[in-house]
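Working notes, beginning with the structure itself.
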Amino acid sequence: MFSLTETVMDTRTATAELGWISFPANGWEEVSGYDENLNTIRTYQVCNVFEPSQNNWLLTTYVDRRAAQRIYVEIRFTVRDCASIPSVLGSCKETFNLYYLETDRNFSPLFSSLCFQVDTIAADESFSQVDFGGRLMKVNTEVRSFGPLSKGRGFYLAFQDLGACMSLLAVRVFYKKCPSVVQNFAFFPETLTGAESTSLVIARGSCIQNAEEVDVPIKLYCNGDGEWMVPIGSCSCKSGYEPDNGNVCRACPQGTFKSSQGAGVCQQCPLNSRSTIEAATLCGCRNGYYRGDMDKPEDMCTSVPSAPRNLVSVVNQTSVLLEWHTPRDTGHREDLSYNILCRRCHSNERRACQPCDDSVLFLPGKRALKDNTVEISKLRAHTSYTFDIQAVNGVSNKSPYPAQQLSINITTNQAAPSVVPIMHQVSSTSRSFSLSWPPPEQPNGIILDYEIRYYDKVRQCFNSFTSETPNVILEGLRPGTGYAVQVRARTVAGFGSYSKEMLFQTLTDDEYKSELGQQLSLIAGSLVGGVCIVSIVAIAIICSRYLTLTFPTLSEGHSSPGVKIYIDPYTYEDPNEAVHEFAKEIESSCVKIEEVIGSGEFGEVYKGRLKPLGKKEILVAIKTLKVGYSERQRRDFLAEASIMGQFDQPNIIRLEGVVTKSRPTMIITEFMENGALDSFLRQNDGQFPVIQLVGMLRGIASGMRYLAEMSYVHRDLAARNILVNSNLVCKVSDFGLSRYLEDEDTSDPTYTSSLGGKIPVRWTAPEAIAYRKFTSASDVWSYGIVTWEVMSYGERPYWDMSNQDVINAIEQDFRLPAPMDCPVVLHQLMLDCWQKDRNARPKFHDIVSMLDKMIRNPASLKAGTNNIGLGPPHHPLLDRGAPDLSRVSSVEDWLTALKMSQYRDSFLLSGFNSLPLVTQITAEDLQRIGVLLAGHQKKILTSVQSMRPNADDQSPTESV
Numbered sequence: 001m002f003s004l005t006e007t008v009m010d011t012r013t014a015t016a017e018l019g020w021i022s023f024p025a026n027g028w029e030e031v032s033g034y035d036e037n038l039n040t041i042r043t044y045q046v047c048n049v050f051e052p053s054q055n056n057w058l059l060t061t062y063v064d065r066r067a068a069q070r071i072y073v074e075i076r077f078t079v080r081d082c083a084s085i086p087s088v089l090g091s092c093k094e095t096f097n098l099y100y101l102e103t104d105r106n107f108s109p110l111f112s113s114l115c116f117q118v119d120t121i122a123a124d125e126s127f128s129q130v131d132f133g134g135r136l137m138k139v140n141t142e143v144r145s146f147g148p149l150s151k152g153r154g155f156y157l158a159f160q161d162l163g164a165c166m167s168l169l170a171v172r173v174f175y176k177k178c179p180s181v182v183q184n185f186a187f188f189p190e191t192l193t194g195a196e197s198t199s200l201v202i203a204r205g206s207c208i209q210n211a212e213e214v215d216v217p218i219k220l221y222c223n224g225d226g227e228w229m230v231p232i233g234s235c236s237c238k239s240g241y242e243p244d245n246g247n248v249c250r251a252c253p254q255g256t257f258k259s260s261q262g263a264g265v266c267q268q269c270p271l272n273s274r275s276t277i278e279a280a281t282l283c284g285c286r287n288g289y290y291r292g293d294m295d296k297p298e299d300m301c302t303s304v305p306s307a308p309r310n311l312v313s314v315v316n317q318t319s320v321l322l323e324w325h326t327p328r329d330t331g332h333r334e335d336l337s338y339n340i341l342c343r344r345c346h347s348n349e350r351r352a353c354q355p356c357d358d359s360v361l362f363l364p365g366k367r368a369l370k371d372n373t374v375e376i377s378k379l380r381a382h383t384s385y386t387f388d389i390q391a392v393n394g395v396s397n398k399s400p401y402p403a404q405q406l407s408i409n410i411t412t413n414q415a416a417p418s419v420v421p422i423m424h425q426v427s428s429t430s431r432s433f434s435l436s437w438p439p440p441e442q443p444n445g446i447i448l449d450y451e452i453r454y455y456d457k458v459r460q461c462f463n464s465f466t467s468e469t470p471n472v473i474l475e476g477l478r479p480g481t482g483y484a485v486q487v488r489a490r491t492v493a494g495f496g497s498y499s500k501e502m503l504f505q506t507l508t509d510d511e512y513k514s515e516l517g518q519q520l521s522l523i524a525g526s527l528v529g530g531v532c533i534v535s536i537v538a539i540a541i542i543c544s545r546y547l548t549l550t551f552p553t554l555s556e557g558h559s560s561p562g563v564k565i566y567i568d569p570y571t572y573e574d575p576n577e578a579v580h581e582f583a584k585e586i587e588s589s590c591v592k593i594e595e596v597i598g599s600g601e602f603g604e605v606y607k608g609r610l611k612p613l614g615k616k617e618i619l620v621a622i623k624t625l626k627v628g629y630s631e632r633q634r635r636d637f638l639a640e641a642s643i644m645g646q647f648d649q650p651n652i653i654r655l656e657g658v659v660t661k662s663r664p665t666m667i668i669t670e671f672m673e674n675g676a677l678d679s680f681l682r683q684n685d686g687q688f689p690v691i692q693l694v695g696m697l698r699g700i701a702s703g704m705r706y707l708a709e710m711s712y713v714h715r716d717l718a719a720r721n722i723l724v725n726s727n728l729v730c731k732v733s734d735f736g737l738s739r740y741l742e743d744e745d746t747s748d749p750t751y752t753s754s755l756g757g758k759i760p761v762r763w764t765a766p767e768a769i770a771y772r773k774f775t776s777a778s779d780v781w782s783y784g785i786v787t788w789e790v791m792s793y794g795e796r797p798y799w800d801m802s803n804q805d806v807i808n809a810i811e812q813d814f815r816l817p818a819p820m821d822c823p824v825v826l827h828q829l830m831l832d833c834w835q836k837d838r839n840a841r842p843k844f845h846d847i848v849s850m851l852d853k854m855i856r857n858p859a860s861l862k863a864g865t866n867n868i869g870l871g872p873p874h875h876p877l878l879d880r881g882a883p884d885l886s887r888v889s890s891v892e893d894w895l896t897a898l899k900m901s902q903y904r905d906s907f908l909l910s911g912f913n914s915l916p917l918v919t920q921i922t923a924e925d926l927q928r929i930g931v932l933l934a935g936h937q938k939k940i941l942t943s944v945q946s947m948r949p950n951a952d953d954q955s956p957t958e959s960v
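Per full-length UniProt numbering, the sequence shown starts with residue 1, numbered consecutively.
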């Protein structure tokens, strides 16, 4: 790449005297002469070789350097050969010196004191004979450079002769620069070279018109010779523009487009599209044609498919097989699929049709089918249905018109009933047991009767009989023997299939006698107690009405003697069967997701709304199953719904239903406005009277009593798993810990176990940690920890101790001390829950009774706090009930010890910057500082009182 030079002085163009300064005056002499081409030029000559000690200076006029940092001087000169000069008396030279002087103004300096030497210049060729026409002179050309120049706007050149016979024929002064250039679609301006011949000067480039940056920064380097080198970064033509001749971006003409930036060229519009403007980045589709969401700009525009053809049906009782042919016009696309719409009709009028039940089964599905066949089952018998087969492709959602479809009407035949889902044992003796079962999900007509068959698991002896009701008593059985039982239903269409075998056990004779004795004792006790019942009823009614008005959660009593027993969903071979039995299926269109409120193990948790058909819209919480789940994850996810669906109690989170027949899979529960109990308490530290906290604890205990009566063990009872609604009603939630016990991941420090799996150590009874003995008694231990959490307003149990330290401390009989201002009776309840012998712990119905007594007698809750645990006398953890102020040396340390460091800046800005000043603080000062929570004020003032010299003379609460 060529370079540019800029001349700042050239004596060859001079037409008048140069006017340079000569010193001494008889040294250099300006004369007119001729160059080698016989052109007239102005020269300077000197030839005082016959005189000794020559020192002749010649100073040019002032030269403006024009911001150049390095200057080049081209000198054309002749030198006489000293050997050709006879009778030389002085010291003859064939060289001269070149100097420069950098300055910011025009003045006449002293030559030798201010100049800087550039070089001593010698001739390559000298002459010995002179022809006055100049034809025999030998001209030398030398180029020298100097720099860096930075001290002034210009400079002088000086020539020093020390005894030569020579002529300066021409002097040209110039500098070099790199020319402006367009490279890689970027423009670089003219750029001066650097101060040194090896310098590289960076030039920043800018994209030319209609080009955009590809790599940044965009730059070139200008070297000392005025040449560009080392390109970095580049630009390329924008979408809608193509490169032309390498340095221009030309707009795409009409009828063409370019969709992306780069070196590509404009392309003709694809089929069924057009562009009517220049520089088009996309060709718009013609009417009736579209591009799909995943189509590329260079893809042709396509249309929606026509309707499927030749739809036929084959009806088999309550199932139907549909087959059809591909549409004649697929819209020139390969992503054709089919949707099946099902409607159940009461007559031939379409207006009398309604969507099919959720229980109808489509195989392989009813959306996005790739095959031309579908099998539909679980239809109602003797019922008319209309099926619409829609053909859709990747642009069907772009069309303003409905998808093309083909319809068919069919009527199902009579069918046998479906399988009875499950049987339940109602009672058992040594010679019989009674069973009951729900009717089939799809009876397909009137159930005429049921056939029951059973056999002795030992003798393998089969028996069978019929029953017109969904319950039966099997008699004449052998004591202590297991029997496999199956049942099937019959309609006029015949018998359905047998249910799966279920095993039931008769009692042994001893067991039966023991149970019979207990029943007789109960009857006798009932007769004796009957006398007392009448008098107690009146008192109970009055107390019940009082409790209902004062504490709504106190009004529910024990479960009835016939309370159902919890059924583990993992005992089902098919988890879907358990979900469908215990949880209501909800149509996804009734659920509206609004916002994320958290995340669970299996996916996000949302706040949303549920609008059941014909019912009022309600707020709900929605747990979702994330994409890419395994079958085991789906089973575990739905197991929690199968568990919750069995519970119906005011202090247990209520399951609204599940969504399993569409994606995503969802569990829908009632919405609890105040969230988890632990975080709710921390946000409202000190805001509730003790009796209100006891009421919240009573609600939790009531829910746990219900679970215990159902023989369900929670295993993860903690404040984080208690939810609070807008009325401050506490409800037990999170019924999924049972799956943790098979999980070997111990990465969560909250859940660890020496035996593997996950256990919440700080909340778990010692026998459950050591031996995995989970019972209602271990839930009672956890309830004691929850009580401590509530009374400490969400403090972390055992503070910052490690899980292993917690285990060791409990083994040494350490128990958590009472939180600040905790009544003695409540701390004693905690200690009762933490008895090492699990049989010595109270039952949940006992705990509910204790809390009821406290609520009825509020005076018992005003007793002073008790910070003494059951541990060793000097156990280091016994002092954790109150902050350690022995090592406090500053206000910041004091607030940190109180866990009130959020008020640090407020205290310092208000002038309380030392502990002596803090000891004088009052409740009014705290209000002014910004400590507005009553619990925080009380905690600070209690600590202040303990720091005062007369702390023993005043109650800590007197200053509050």
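Just so you know, even glycine gets a beta-carbon here, dropped at the ideal spot from N, CA and C.
By the DSSP assignment, the beta strand (DSSP E) with residue i in it spans what residues?
| i | result |
| --- | --- |
| Pro231 | Trp228 to Cys237 |
| Phe77 | Ile71 to Val79 |
| Ser436 | Phe433 to Ser436 |
| Asn56 | Asn56 to Leu59 |
| residue 974 | Nothing can be reported for residue 974, as the shown portion of the chain is limited to 1 through 960. |
| Ser713 | Checking the sequence, you will find Val at residue 713 rather than Ser. Unbroken run through Val713: none, as it is neither H nor E. |
Within a Cβ cutoff of 6 Å, which residues of the same chain sit near residue i, ignoring the five residues on either side of it in sequence?
| i | result |
| --- | --- |
| Gln835 | Arg841 |
Excluding sequence positions up to five away, which residues of its chain have a Cβ less than 8 Å from the Cβ of residue i?
| i | result |
| --- | --- |
| Leu255 | The question names Leu, but residue 255 is Gly in the sequence shown. Correct list, in chain order: Gln268, Cys269, Arg274 and Ser275. |
| Thr508 | Ser430, Pro479 and Gly480 |
Using C-beta distances below 7 Å, list every residue in its chain close to residue i, excluding the 5 sequence neighbours before and after it, in chain order.
| i | result |
| --- | --- |
| Ile807 | Val761 and Ile769 |
From what residue to what residue does the alpha helix (DSSP H) around residue i run?
| i | result |
| --- | --- |
| Thr787 | Ser776 to Met791 |
| Ile567 | Here Ile567 belongs to no alpha helix (DSSP H), and DSSP marks it neither H nor E. |
| Thr896 | Val891 to Ala897 |
| Gln683 | Leu677 to Gln683 |
| residue 978 | Here the chain comprises residues numbered 1 to 960, so residue 978 is not present and cannot be evaluated. |
Measure the alpha-carbon distance for residue i versus residue j and round it to whole angstroms.
| i | j | result |
| --- | --- | --- |
| Leu379 | Met423 | 24 Å |
| Ile643 | Val713 | 11 Å |
| Thr660 | Leu613 | 18 Å |
| Val724 | Glu789 | 15 Å |
| Gly794 | Gly657 | 31 Å |
| Leu693 | Asp388 | 59 Å |
| Arg634 | Ile759 | 22 Å |
| Glu142 | Glu94 | 14 Å |
| Met820 | Ser860 | 16 Å |
| Trp763 | His382 | 58 Å |
| residue 964 | Arg76 | Outside the displayed range of the chain (1 to 960) lies residue 964, so it cannot be described from this structure. |
| Arg333 | Tyr290 | 11 Å |
Based on the DSSP secondary-structure assignment, which residues constitute the bridge partners of residue i?
| i | result |
| --- | --- |
| Gly598 | Val605 |
| Asn287 | Asn287 pairs with nothing; no bridge assigned. |
| Val658 | Glu585 and Ile667 |
| Ile452 | Phe465 and Val487 |
| Gly482 | Gln505 |
| Met9 | Val173 |
| Met166 | Val46 and Val79 |
| Ser145 | Tyr72 |
| Lys592 | Arg609 |
Note to self: Report the start-end ranges of each beta strand (DSSP E) in the UniProt domain "Fibronectin type-III" (304-415) that is 3 residues or longer and not cut off at the edges.
What the structure shows: The UniProt domain "Fibronectin type-III" (304-415) contains these whole beta strand (DSSP E) runs: 309-316, 319-325, 337-345, 353-355, 361-363, 373-377, 384-392 and 405-411.
Check: Which whole runs of the beta strand (DSSP E) in the stretch 604-632 are 3 residues long or more, in chain order?
Finding: Correct list: 604-610 and 618-624.
Margin query: Ignoring anything shorter than 3 residues, give me the beta strand (DSSP E) runs that lie fully in the stretch 820-846, in order along the chain.
Written below: You should have found no qualifying run.
Notebook entry, point to check: Can you list the beta strand (DSSP E) stretches of 3 or more residues lying completely in the stretch 241-266, in chain order?
Noted result: Runs of the beta strand (DSSP E) inside the stretch 241-266: 241-244 and 248-251.
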